[in-house]
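Enquirer:
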Ligand SMILES: [Zn+2]
Ligand SMILES: [Zn+2]
Ligand SMILES: [Zn+2]
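Numbering (this note's numbering), first residue to last: 1383 to 1622.
#1: Is any heavy atom in ligand 1 found nearer than 7 Å to the beta carbon of residue 1603?
#2: Would you call the CB atoms of residue 1435 and residue 1469 closer than 8 Å?
#3: Any idea if residue 1592 is buried or exposed, counting beta-carbon neighbours within 10 angstroms, 16 or more meaning buried?
#4: List the DSSP bridge partners of residue 1461.
#5: Using a Cβ cut-off of 8 Å (strictly closer), state whether residue 1473 contacts chain D.
#6: On the three-pair Cβ rule with 8 Å, is the region 1383–1396 touching the region 1414–1427?
#7: What are the partner residues of residue 1467, as DSSP defines its beta bridges?
#8: Quick check on the DSSP output: the alpha helix (DSSP H) that includes residue 1446 runs from which residue to which?
#9: For ligand 2, any of its heavy atoms closer than 7 Å to the Cβ of residue 1433?
#10: Given 7 Å as the limit, tell me if residue 1567 has its C-beta closer than that to any heavy atom belonging to ligand 2.
#11: Suppose the cutoff is 7 Å on Cβ atoms and the five residues either side in sequence are ignored; what does the same chain contact list for residue 1388 look like?
#12: Measure the CB-CB distance between residue 1663 and residue 1620 and report whether it falls below 8 Å.
#13: Mind pulling the alpha helix (DSSP H) runs of 4 or more residues that sit fully within the region 1579–1620?
#14: Quick one: grab the DSSP three-state call for residue 1540.
#15: Measuring straight from C-alpha to C-alpha, what distance separates residue 1447 and residue 1569?
#16: How would you call residue 1539, buried or exposed, if buried means at least 16 neighbouring beta carbons within 10 angstroms?
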């Protein structure tokens, strides 16, 4: 957090040094990013990603989309319009916030090239051996999309989920889910709520993401978590 001198923000432990929440799906030579937040460029550089087959967007908050301009190196390397899967509501927000990307007149030749693709809570994609299914969760009043890939589910910015959507999590073995901090929040689950959600779903392993500096130091929080639950950290790899 800019300007913060708390024990997490000043911690030398790499597990306390977090960029904004995002993920990269890697399988059979495919690379698909989930969200392009402000740290997208740094995350792609750090992970040494040389190509990207597409981007799945969870929702339109800036911490999940505002790094979209940095698809340009992929455009120029691969010479394709980057497929960006987004809900129609999120697509409208992209067109508003990145008007220059979608300009039809006097378009700057170096502007990012984006191919918007439809995504909604019922979307299912088969990409080679991987099936990706969308899951809708509620981020306060805002519907947000999460994804299930085989037996792994990724749900960020979640506060609640409907019974119908919860059905899609049946049998999930690895659950990646957001837990902001310890206090009540209108649009995110806190740690206690995330842990009870994990207990209800019953995966073999769970990983907490979208963690605020108010959660506390990794070395203090991790030992207090139930077996099978981990605080995720930057660079963590989870088998699909
Ligand atoms: Zn801090
Ligand atoms: Zn959000
Ligand atoms: Zn967020």
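In this text, a Cβ means the ideal position worked out from N, Cα and C, and glycines have one as well.
Expert: The structure says:
#1: Residue 1603 Cβ: outside cutoff for every heavy atom of ligand 1.
#2: A distance of 8 Å or more separates the beta carbons of residue 1435 and residue 1469.
#3: Classification for residue 1592: buried.
#4: Residue 1461 is not bridged to any residue.
#5: You won't find chain D in this structure, because it holds only one protein chain.
#6: Too few Cβ pairs lie closer than 8 Å, so no.
#7: Bridge partners of residue 1467: 1438 and 1499.
#8: Unbroken alpha helix (DSSP H) run through residue 1446: 1444–1447.
#9: Not one heavy atom of ligand 2 is found less than 7 Å from the C-beta of residue 1433.
#10: Checking the Cβ of residue 1567 against ligand 2 gives no.
#11: Cβ contact annotation for residue 1388 (same chain, cutoff 7 Å, sequence separation greater than five): 1595, in chain order.
#12: With the chain represented from 1383 up to 1622, any question about residue 1663 goes unanswered, as that position is not in the structure.
#13: Complete alpha helix (DSSP H) runs here, min 4: 1600–1603.
#14: Correct three-state label for residue 1540: coil.
#15: Rounded to the nearest angstrom, the two C-alpha atoms are 18 Å apart.
#16: Buried, since its Cβ has 16 or more Cβ neighbours within 10 Å.
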